[in-house]
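There are 4 protein chains.
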Amino acid sequence: MEHTYTLVISCPDRVGIVAKVSNFLAMYGGWITEASHHSDLDANQFFMRHEIRADSLPFGLEEFRTAFGPIAREFEMNWRITDSNTRKRVVLMCSKDSHCMVDLLYRWQSGELNCDIPCVISNHDDMRSLVEWHGIPYHHVPVMKDNKEAAYAEVERLIEEAQADTLVLARYMQIIPPALCDKYRHQIINIHHSFLPSFVGAKPYHQAWERGVKLIGATCHYVTEELDAGPIIDQDIVRVNHRHAAQDMVRLGRDVEKSVLARGLAWHIQDRVLVHGNKTVVFS
Amino acid sequence: MEHTYTLVISCPDRVGIVAKVSNFLAMYGGWITEASHHSDLDANQFFMRHEIRADSLPFGLEEFRTAFGPIAREFEMNWRITDSNTRKRVVLMCSKDSHCMVDLLYRWQSGELNCDIPCVISNHDDMRSLVEWHGIPYHHVPVMKDNKEAAYAEVERLIEEAQADTLVLARYMQIIPPALCDKYRHQIINIHHSFLPSFVGAKPYHQAWERGVKLIGATCHYVTEELDAGPIIDQDIVRVNHRHAAQDMVRLGRDVEKSVLARGLAWHIQDRVLVHGNKTVVFS
Amino acid sequence: MEHTYTLVISCPDRVGIVAKVSNFLAMYGGWITEASHHSDLDANQFFMRHEIRADSLPFGLEEFRTAFGPIAREFEMNWRITDSNTRKRVVLMCSKDSHCMVDLLYRWQSGELNCDIPCVISNHDDMRSLVEWHGIPYHHVPVMKDNKEAAYAEVERLIEEAQADTLVLARYMQIIPPALCDKYRHQIINIHHSFLPSFVGAKPYHQAWERGVKLIGATCHYVTEELDAGPIIDQDIVRVNHRHAAQDMVRLGRDVEKSVLARGLAWHIQDRVLVHGNKTVVFS
Amino acid sequence: MEHTYTLVISCPDRVGIVAKVSNFLAMYGGWITEASHHSDLDANQFFMRHEIRADSLPFGLEEFRTAFGPIAREFEMNWRITDSNTRKRVVLMCSKDSHCMVDLLYRWQSGELNCDIPCVISNHDDMRSLVEWHGIPYHHVPVMKDNKEAAYAEVERLIEEAQADTLVLARYMQIIPPALCDKYRHQIINIHHSFLPSFVGAKPYHQAWERGVKLIGATCHYVTEELDAGPIIDQDIVRVNHRHAAQDMVRLGRDVEKSVLARGLAWHIQDRVLVHGNKTVVFS
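Protein chains in written order, with numbering that gives the first Met the number 0: chain A, 0 to 283; chain B, 0 to 283; chain C, 0 to 283; chain D, 0 to 283.
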């Protein structure tokens, strides 16, 4: 995999942003391998993402940040630059359903997901063997009605210890406390097993079956305090019919869940997802 | 097109239904060209649809009904038999958006939709020329805040005069009065421009844009008193992204709306849709 | 999982088949949980599949076969009946690409694939640890230019030893000898990484990239002597664009390959696939 | 619709292209509403498309071309700039199948396709009434075995008279002579009723049925001398099964054909399609 820097910018829209940024890059010989722009005309906001060959620039990230600072201030940019050699640290959280975990671990092991997985945290012990076979530490933190505060203190400690910058709720069937949502804002990715905003909350496939829909879906979104209401990263669906009982929907839905979650996580890892308000710009 | 009878049955499930019905048909030499069965294990209800070559039977519909009566009673069947030579009479209702109308009229004219369209009723006069070019009478029945009762009395008169058995709301942007819903129960087909149950009611594409979903959809359903809550016949979706404004969703959604409505109507015309509770069995 | 018998029939079409079969079942109290019929009007061939609750019948498979024999002979049926308690024995064959294997093993372990996997055979040793972690024996049978005959003698011996009735080529990158194709006719399932009949043979994604197609696909089919030309069980596609290099197509294609293969195999295991000529009837 | 200029560029890739172009635009106050870039790493070619608010620039197209000339020469650009107020002139050609025509004419009439349609040319007279109802002249130019040269001389004369820059073969079932292909290179759009490169040539649905595929498709491509082998603009598919006869595939395929053609044409009209070799970059 090529060594690249990824520059991600969001700022109020006006004439000259692209010129200023691309001039800056060209001045230092920066070779752009991928560039994406988006003007949100409603919000008058501009979004921009560049991948630049690291070895085409005469300096590293720190110097880049210093040199680019004045431009960022001039245009009131919300921006970041990341290095493909500094892999994101992603903690996976799960409960008992293993389909998303098996899928993510395969993609990670095969090199498709360019990240580190310092550990897995679960409220059950069921997936220990699977996770440990992949050489990843497994922490069992039971969550009960009466120990939630202590449990999430321990979860938070483990996340900090792992120096994680991303949490993935891979069918983790517990509600994340508001404080944790807030601390890891736009860094916690959940897969909800419905085509949101339909069927919020528990047992969405049973709700779908009850309503008699002809498509079921899954939604990958950032977790916010309000349940199942955070910014949507990706969604997909699969066709069902009268022959499918709720249990069949559960089975068919698994395939959609795992592919939507894997896609959303890959985009997050590659800094392709920009959040604005409660929506996302995804430069996929 | 071959001359066929379509026999549609719904009854409590028990052993021997298929044997009884297929024996009856075989006894008279009935040649089955298509057969579909479904056992709803939750509801303990059985659903069945046969297409039979008309010329393989020694009698017509009336005699069939008489001969089959005892079996129907024995198994407490809710049943009907229709003749492919007796085309359904479908009244189309529309407002100003023409995409569904253009599509349905093309499919009707090209012979893809095997039905009669005795007339079109609209609360606007915009589509008169298009409809009349197809040789179909056009009735303009304005619906205003203060004339609703009179307007729907006129609509009902026109429907009766047309001897219609099916109404299609092809983006007809008015709410059908409960009495009419009731009178034409499971005979009024609507296309809602969202993936129900998301975004019930007005301006669903704007609701979808506001929520930041990554897929938009359309739902073809039977109209019941409760708005957008009737039995769903078919649904489909199209992928959108951050570059699509609400107006783009309106444009993209048109293609989904028209194909979902056309599909739902075709299945209804061919007696492929069986309603049970608030759900459908579709033998597509 | 309920204990059922699956009765699969193919015979020349004529009046009375369904009546005869359903009468037979009804006579013995057979409770049909799923029934599918298909008349191929071109070939004048009739196809039929029933799932019957085992405990609703007064006898087992042997007695069923005896009792049903006369009907089968009368209608010149090609037929079989299987018992859901007698799981198919499926040998998986693979090379170095692990995506299909990881997926199939997960589905097997989670109970989604109702079959036994007596062993895995590979021409490489790469997946030994993965397979053995699942508790399945792994046989490494290298295939080289000059040992093919001996290698496939060993493969055949292992298959026989495993008492397999189904072989799955889960990205096994070798050509199966004609004699083996013939011996396990309609029992060897392959996943080809293109939307056949486009891009037969080697490196299909590179062929697809070269041609500039906007969709890539995968095809699950029964293996016959003619390469990539056997009866197709299922196909699916994924959208690509100018940003995707051949290598990206390889990556995206993996997800289609694994889901199409898993679907095809599940249908095969459930006796839902009937082959007629070089085509399949799939009662999915 | 906003008044915009569209600037489309293709050139050898090197550092500084984006900087130069965006600087040029910024210098004159050009407000970019949409920008897309693509680096083809294999071909070392760079592709770029900008939409610019016309009223944000202090000059018109002619002056733009003069001012931009030196940059274009410096970077060896293949480039064009178009004005949204100067609509493309699209001649439609058809035979007897009307589904694509009905669809395109609706989209044109409703304003979805921003182009002029100066006339329709057909080798049959069937669609005269439909076309003329839309207020478009209809030319019937029969094509027979022994008059092809004269017929295409007349076709060419009509195209020239119409000052067309784009031809659409909306199920025009004749082969365009090489000289005409050459004269309107990358300006003739065809819809082929298969998922190319499968089923080239005549009766593709019958070929598909014969092969027993589980998906059928359609391909929108630029016409070149080699039949069905030109650069692909878009493709799509629909699922079929054993119940579908070749005739059903024809019917189902119509919906795919018309939507793929409409999409391809819209992208062409908006200068979103860049051809490089035998492939397309589509900034959709």
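Don't be surprised by glycine CBs; every beta carbon is placed ideally from N, CA and C.
Legend entry - Cβ shell of Y171(A) (< 6 angstroms), same chain only, five flanking positions each side left out: If we look at Y171(A) and ignore the five residues flanking it on each side, its Cβ neighbours are M92, C93, S94.
Inset, instruction - Measuring alpha carbon to alpha carbon, tell me which of L104(D), D41(D), R262(D), W30(D) ends up nearest F45(A). - result: W30(D)
Inset, instruction - Give the interface partners of W132(C) over in chain A, defined as CB-CB distance under 7 angstroms, in chain order. - result: W132
Inset, instruction - Answer with yes or no whether the minimum CB distance from T279(A) to chain B is below 8 angstroms. - result: yes
Inset, instruction - Please name the residues in the segment 21-41 of chain C whose beta-carbon is closer than 9 angstroms to at least one beta-carbon of chain B, in chain order. - result: S21, N22, F23, L24, A25, M26, G28, G29, W30, I31, T32, E33, A34, S35, H36, H37, S38, L40
Inset, instruction - Using a Cβ cut-off of 8 angstroms (strictly closer), state whether S109(B) contacts chain D. - result: Taking Cβ atoms only, chain D reaches closer than 8 angstroms to S109(B), which makes this a yes.
Inset, instruction - Within the segment 85-155 of chain A, note down every full beta strand (DSSP E) run reaching 3 residues or more, in order along the chain. - result: Listed in chain order, they are 87-93, 119-121, 137-139.
Inset, instruction - With a 10 Å radius around its C-beta and 16 neighbouring C-beta atoms as the bar for buried, classify S128(D) as buried or exposed. - result: Exposed, because fewer than 16 other Cβ atoms sit within 10 Å of the Cβ of S128(D).
Legend entry - Cα-Cα separation between I215(B) and R238(B), rounded to whole angstroms: R238(B) has its alpha-carbon roughly 6 angstroms from the corresponding atom of I215(B).
Legend entry - Same chain only: Cβ atoms within 8 angstroms of D173(D), ignoring 5 sequence neighbours per side: One detail in the question is off: residue 173(D) reads as Gln in this sequence, not Asp. Around Q173(D): S94, N122, V142.
Inset, instruction - Determine which residues share a DSSP beta bridge with V274(B) and list them. - result: T279(B)
Legend entry - Selection from C180(B), D102(B), E159(B), L273(B) that minimises the alpha carbon distance to H241(A): For H241(A), the nearest C-alpha among the options comes from L273(B).
Legend entry - Range covered by the alpha helix (DSSP H) that runs through Y204(C): Here the alpha helix (DSSP H) through Y204(C) covers 203-210.
Inset, instruction - Could you name the residues of chain B that Y4(D) contacts, counting a contact when the two beta carbons are closer than 7 angstroms? - result: Neighbours of Y4(D) on chain B: none; closest Cβ ~19 angstroms, over 7 angstroms.
Legend entry - Residue span of the alpha helix (DSSP H) that contains E50(C), given as start and end: That residue, E50(C), is in no alpha helix (DSSP H); its beta strand (DSSP E) goes 44-52.
Inset, instruction - Label A53(A) either buried or exposed according to how many other C-beta atoms from any shown protein chain fall within 10 Å of its C-beta, with 16 as the threshold for buried. - result: A53(A) should be labelled buried.
Inset, instruction - Just the C-alpha distance for I188(D) and I188(C), rounded to the nearest angstrom, thanks. - result: Counting only the Cα atoms, I188(C) lies some 39 angstroms from I188(D).
Inset, instruction - Could you confirm whether any beta carbon from chain B is found closer than 8 angstroms to the beta carbon of Y204(D)? - result: no
Legend entry - Any chain A beta carbon closer than 8 angstroms to V212(B): Yes, contact with chain A.
Legend entry - Coil, strand or helix - V249(D) by DSSP: helix
Legend entry - Buried versus exposed, by CB contacts within 10 Å (16 or more), R156(A): exposed
Legend entry - C-beta atoms of I158(A) and H138(A) nearer than 8 angstroms: Contact: no.
Legend entry - Endpoints, alpha helix (DSSP H) assigned at L40(A): Careful: L40(A) lies outside any alpha helix (DSSP H) and carries neither H nor E.
Legend entry - Interface flag, H267(B) vs chain D, CB-CB below 8 angstroms: no
Legend entry - M26(D), buried or exposed, once every other Cβ within 10 Å from all chains shown has been counted against 16: exposed
Inset, instruction - Tell me whether A217(B) sits in a helix, a strand or coil according to DSSP, three-state version. - result: strand
Legend entry - Check whether P117(B) and A163(B) have beta carbons under 8 angstroms apart: yes
Legend entry - I175(C), DSSP secondary structure in three states: coil
Legend entry - D254(A) in three-state terms, based on DSSP: helix
Inset, instruction - State yes or no: is the C-beta of T165(C) within less than 8 angstroms of the C-beta of S83(C)? - result: no
Legend entry - For V193(C), the three-state DSSP class (helix, strand or coil): In the sequence as displayed, the identity of residue 193(C) is Ser instead of Val. S193(C): coil per DSSP, three-state reduction.
Legend entry - Three-state secondary structure (DSSP) of W78(B): Here DSSP, grouped into helix, strand and coil, assigns W78(B) to strand.
Inset, instruction - For G15(D), decide whether its Cβ has a neighbour in chain A, counting only Cβ atoms nearer than 8 angstroms. - result: Yes - at least one Cβ of chain A is within 8 angstroms of the one on G15(D).
Inset, instruction - Confirm the yes/no value for this check: CB of H123(C), any heavy atom of the ligand NAD, distance under 7 angstroms. - result: As far as ligands go, the structure on display features none, and thus does not contain the ligand NAD.
Inset, instruction - Show which residues of chain A have a CB atom less than 7 angstroms away from the CB atom of S258(C). - result: Under the 7 angstroms cutoff, chain A gives D254.
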